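These notes concern the structure reproduced below.
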Amino acid sequence: MNVFRDLASPEASVREAAAEALVAELREVQKAHEKGARKGDKEAADRDGSSKMEAEKDDGLENCAPSVRYAIRRLIRGISSSREYARQGFALGLAVVLESIRSIRIEALMKLIPNLLEYSSSMKGPEAKDNLLGRLFGFGAIARSGRVSRQWTRDKSSPIVKDFVSEVVELISKKRYLTEPAVAVILDLVRKLPDEAILSEVLEAPGVQDWFNRAADIGDPDALFLALKLQERTSVQKEIFGKLLPCPFSPDNFFAEHHLKSIAACFKESAFCLPRTHSLWLVITEMLVREAASQNDINTSCGKKHKKNKKASSSEDNKKNLCNFCEVVIEGSLLLSSHDRKHLAFNILLSILPKLSPSAIKVVLSSKVVHGLMDILSNESSWLYNAGKHFLNELASVVSHDNDRRAAVIINLQKYSGGRFDSMTKTKTVKELIGEFQSVEDCLCLVQNLMALFVDEEAVSDEPSDQSQTTDENSEIGPTEEQDPFGHGNVDVLKSWVVNTISCVLKNLKLTSKGNSDSEMVKCIEEKFQVQTEILKFLAVQGLFSASLGTEVTSFELQEKFKWPKNPISTSLRNGCIEQLQFLLEDAQKDEALHVASEVKSNDLGYYFMRFINTVCNIPSVSLFRTLSGNDDNAFKKLLAIESLLFQEERKAGPGLDSTKMHVMRYLLIQLLLQVLLHPDEYWEAAVDVTICCKKSFPAIAQGDSSSGQESGERGPQESDEDEPEESDEDGSGDSNGEASLEFMDVLVQTFLSILPHASGPVCFTIEQVFRVFCDDITETGLLDMLRVVKIDLKGRQTDSDDEDDGRVDIEDDETVMEDAEVGEIDDVADDLDEDTEDESNDEGDADQDDLKDGDKAEATKDGDDSDDSDGMDDDAMFRIDPYIARIFKERNLPGSETKQSQLMRFKLRVLTLLDIYLQRNPGKTLVLEVYSFLMQAFVKSHGADGGEQFRQRIAGILQRRIFKGREYPEGNGIKFSKLERLLEKALRLASRSRYSTVASVAQNAAFWILKIINSMNCSEEELASVVDKFRSILNDYDRKKSRLKLGFVKEVVRRNPWLGQELFGFVVQKVEGTGADYRRNQMLELVDCILKSWVGDASEVWTKHLAQLCELIQEVLSKVPENKSRRKEVRNFCTRILQTVLKLNLKEQFQNALSPETYSLCQAQLGTAFAPFRKDSN
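Each position in the sequence shown, counted from 1, maps to that position plus 5 in our numbering.
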């Protein structure tokens, strides 16, 4: 009994041991029974008499011992038990007993099982289920024992196989859940049978053909599974499987579209066993990818022609089979059905994806699959959301180590989502997959795939856009135009994604050199250059050119074939390509610091680009994407010519400053060339001006460009006429208006100012690089032009509607605003800069006004005219500046575009960058004072209504980092003291009166800096006295309630400039005596104390000189001791420190003589022991 109990144990090892023990025991009993039967031993029969009571005489097991017959019946009852693990254990026991005891007749057992486990239609619930499952497990044990196959092998006329299969098939008709395990039992038997028995016995068994015939119609996946497994063992070409399998059978015939549709119901019904995948799919997927798994794509197939053709044909067949399978089964059946079947579809795809080639992956990830996935992942509450996430994660894992497969997945996900898969599914799948392309080979692989996608006209247009195909709720209603995210406009979005992504490939490129040697670095740069050139060619071809004959053009010079989409791409896409070209060139210019000097020329991406442009332009059937106007065409050709000459001169010059200047100027010409193409008729003038500057800066260029006249003559009379004025300007012969003396840097700065307002980021970067190497030569005129931009402000008042130019705006300078403030006409900006009272606003307004006049006086005083009605600019200067600023707003005021103020602010910030560069390279020049003056004005005004936080912080950063904290500063007698004096006065006024703490702080640092410059000069006594007067003025203002002066600032000035403390001492002492408020008096005392501490070196002499004043001060403060305890303590401490210093300097006797009787009495009464050494009786 213990043996039967252990057969139901949860432990498999215990069940196995129990089965072995049962077999051993029954084998002994059966041996004894057989031996007794032969000898007629009654004793053996009597010994087993107790078991006979349980054995029935008509069970067909007459040859078995009663114990064996009992055990068989017990095991049959056990396999119908609902106890956990009982069926497994008792079925195992029955199988091993049948295998070991041959006297048990299989025919009898096959009858005994149904008899003991009766089933009728009237039975309900668990009892019926237990009996049916018991029957199935019983027949499974018979099949596992191998007795059926061995018996048929001995006697091929035996009907044992047919009877067995017939009984199992009969079970299939009872309940649906018995079908799959019943098929497994039949297959277990089939594996033990020879091939001939399958055709003659299994397939001919009663009920099998009827089952196969109706399976396709009712959708029985188990019948299809069994048919496929039996087909593997048979070669007879006749219809023996009904409609389940084609005749003759072959993978191509099976995966034919019409046949797959005929058995589609079988595929749908296989979803019943989810989350487990039905065994049918393992057979289907193996058959589907069996050949594909051992083949590569056609492009990588065998080199021999006949082998290549054979392999190509096979690959095409496999691809067709896969295509039919996906279209009919995945897309046409499963994805259009229930959630379970959609889930099944994704599980099937995951099972075949690891075995597919990149081209096959593109077939599997079709538009409907991608759309279904997007539909699931776009809603986190979806029942299938987790299944969709799992599919994406597994998909990414499958392709993680194969570039081609990873690229295929990216392309298809983006192709059928219009480049918006991540955004619509709220994942980072595509982004992360792209990030895995890190080596040169990886990046080139991705670039090639992206280029193919861009020119692929069938990317979206050949796919249906109906999302409802994958959504149950919308199966009857198609999406509206607004709901459909996969419409015609999707093509542009996809191509735009390609352009942006292909430009970002370099960001993922990781180059690691094995060493720090030059050769290793050069190798890394060469690898990156390889990727850069591929991207550059794509962007240039798609963005700049179009083919007049067809969509493919071959360049024999470059030995490359260029392709364009069949339908011309939009202007916005071309502009996007050009903009990405600019960024690519900018990045290349930034990376040039890594180049080895000897290898720079070979890795010059700018040179490669210009050579490529010239070559493509010379292809007869290729032209620029738009017809250039006369001015743009002239500028385009000049830029090409000058850049080529500069490159030649750069190579001749070798490493050095001149070579660097030519190099950065070349990149500016290249960026301007792209700007000319990007913005028709906007940049041609600036481009021509820069070419003129190149000729003036590099005389060899002007000599090398002597053939420009011939070129213009060859273009035709019209173009020649257009070009003549420019040529005359280049030679300087056109300067009849008195501007012939205009400096090269002035022209260059003016040109930069005309470009910066709306130039792209790469153009601005290139301008910065040019300015960096040329700014040492900047003139005062050019610098002032830049500084005026920083001060420009808008009043926002438009002219009347009948004005000639609707885009004209009023541009005011600080001076006008401050003049309005003085007379009470205060606008928003002035209001914010105003102080709390009229007097205070006038003070600060005067400071700004004086500062403004100083900033512009350099221009005004040259002509002897100090009037302020033109801000120090002559008409020509105004003419130069105003048009450049007005360009910011002309034809740019479209709805939704940037505001005028934001455009102006961007322009100012760009100019500030150039000023930062100038200060970085020229911190000790006198012109730094001009820069400081203008920046300080702009900083103060930026606290008004129109000021921006970024602008304020930028100016403050430049002032602090480049001017106040710089190691170098303007020094020497070449600086006008009067200018420093005025700048100091305004800085002190801002430090003492500004209600903005940031302004006050910057003004204090400005005062320190100006004093440092003054100290470096050999100033006269009168000039130094003027400086002292400025401090006396702010200290005199300290008594006023509106003064915001922090005496800590004055203390710091005294510490840094002790001579100022000596000059201010008497005045400060007087201020202490005249100050009524206790707090302010104590603050002044601290200042006095600071001045006293600053007297070093000849301190005794200075103290002797001021002893009388100190005595009077002590009398004053001790006679008006504050009532507040802490302030009274501060006064006593001050007096005590004076007495201690007097003793330290041995001035006791002089001090006693200077004390008046009243002061003596006060000290004796108030100071106590601190005054003891000075008492008269102590002498």
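C-beta: ideal position from N, C-alpha, C; glycine also.
None of these values were measured; they are calculated from a predicted model.
Considering Cα atoms alone, identify which of the options is closest to residue i.
i: Phe588; options: Cys622, Gln537, Ser575 and Thr576; result: Gln537
i: Val288; options: Asn1138, Ser1131 and Ala232; result: Ala232
i: Thr931; options: Phe944, Ile980, Leu917 and Val945; result: Ile980
i: Arg994; options: Ala1030, Phe95, Ser255 and Phe1054; result: Phe1054
i: Asn1010; options: Lys394, Met456 and Lys970; result: Lys970
i: Phe144; options: Ala228, Gln1075 and Val174; result: Val174
i: Val1136; options: Ser1025, Leu1092 and Gln1155; result: Leu1092
i: Leu1148; options: Arg152, Leu544, Ala270 and Leu1112; result: Leu1112
i: Leu909; options: Leu235, Asp782, Pro762 and Lys566; result: Pro762
i: Leu554; options: Glu539, Leu544, Pro573 and Phe543; result: Pro573
i: Phe939; options: Lys905, Asn927, Ala961 and Glu954; result: Ala961
i: Pro570; options: Leu629, Ile507 and Asp461; result: Asp461
i: Leu229; options: His283, Ser1161 and Glu332; result: His283
i: Gly787; options: Thr771, Thr756 and Ser765; result: Thr756
i: Gln680; options: Asp638, Arg656 and Ala705; result: Asp638
Within its chain, find whatever has a CB closer than 7 Å to the CB of residue i; leave out the 5 residues flanking it on each side and keep chain order.
i: Gly1173; result: none
i: Gln715; result: Low local confidence applies: a pLDDT of 40 at Gln715 is under 50, so the model's placement there is unreliable, and no value is given.
i: Ser1031; result: Glu986
i: Phe630; result: Leu549, Phe550, Ser551 and Arg579
Straight-line CA distance for residue i to residue j?
i: Arg966; j: Cys698; result: 32 Å
i: Met1022; j: Leu934; result: 15 Å
i: Leu265; j: Asn218; result: 16 Å
i: Gly139; j: Gly130; result: 14 Å
i: Glu690; j: Ile647; result: 15 Å
i: Gln1067; j: Val768; result: 55 Å
i: Asp1034; j: Gln1169; result: 37 Å
i: Lys1056; j: Phe1036; result: 12 Å
i: Thr559; j: Lys566; result: 4 Å
i: Trp1014; j: Val1007; result: 11 Å
i: His406; j: Arg616; result: 37 Å
i: Asp345; j: Leu279; result: 7 Å
i: Leu651; j: Phe426; result: 46 Å
i: Ser86; j: Pro186; result: 17 Å
i: Asp380; j: Asn454; result: 26 Å
i: Arg135; j: Arg10; result: Looking at the sequence provided, one finds Asp at residue 135 rather than Arg. Using only the alpha carbons, I get a separation of about 19 Å.
i: Ser524; j: Leu451; result: 27 Å
i: Glu732; j: Glu557; result: Any reading at Glu732 must be qualified, since the residue scores a pLDDT of 40, below 50, and its modelled position is unreliable; no value is offered.
i: Ser575; j: Ala545; result: 15 Å
i: Gln942; j: Ser508; result: 42 Å
Leaving aside the five residues before and after residue i along the sequence, list all residues of the same chain whose C-beta is less than 8 Å from its C-beta, in chain order.
i: Ser56; result: The predicted position of Ser56 is uncertain, since its pLDDT is 47 and thus under 50; a value taken from the coordinates is nonetheless stated next. Cβ neighbours of Ser56 beyond the five flanking positions: Ala70, Pro71, Ser72, Arg74 and Tyr75.
i: Leu458; result: Ile416, Gln419, Lys420, Ala464, Leu499 and Val503
i: Ser383; result: Met429, Thr430 and Lys431
i: Gln1171; result: Leu1123, Val1126, Arg1137 and Cys1140
What does DSSP give as the partner residue(s) for residue i in the beta ladder?
i: Lys1190; result: This structure cannot speak to residue 1190, because the chain is shown only from 6 to 1184.
i: Ser551; result: Ser628
Quick one: is residue i buried, meaning 16 or more other Cβ sit within 10 Å of its Cβ, or exposed?
i: Trp157; result: buried
i: Glu1026; result: exposed
i: Asp215; result: exposed
i: Arg411; result: buried
i: Tyr1084; result: exposed
i: Trp286; result: buried
Might you give, ordered along the chain, the residues of its own chain that have their beta carbon closer than 6 Å to the beta carbon of residue i, omitting 5 neighbours on each side?
i: Gly424; result: Val498, Leu499 and Trp502
i: Glu104; result: Ser150
i: Leu397; result: Thr434
i: Gln402; result: For the record, residue 402 in the displayed sequence is Ser; it is not Gln. Counting only Cβ-Cβ distances below 6 Å, and skipping sequence neighbours, we find nothing.
i: Ile84; result: Arg92, Phe95, Ala96, Gly139, Phe142 and Gly143
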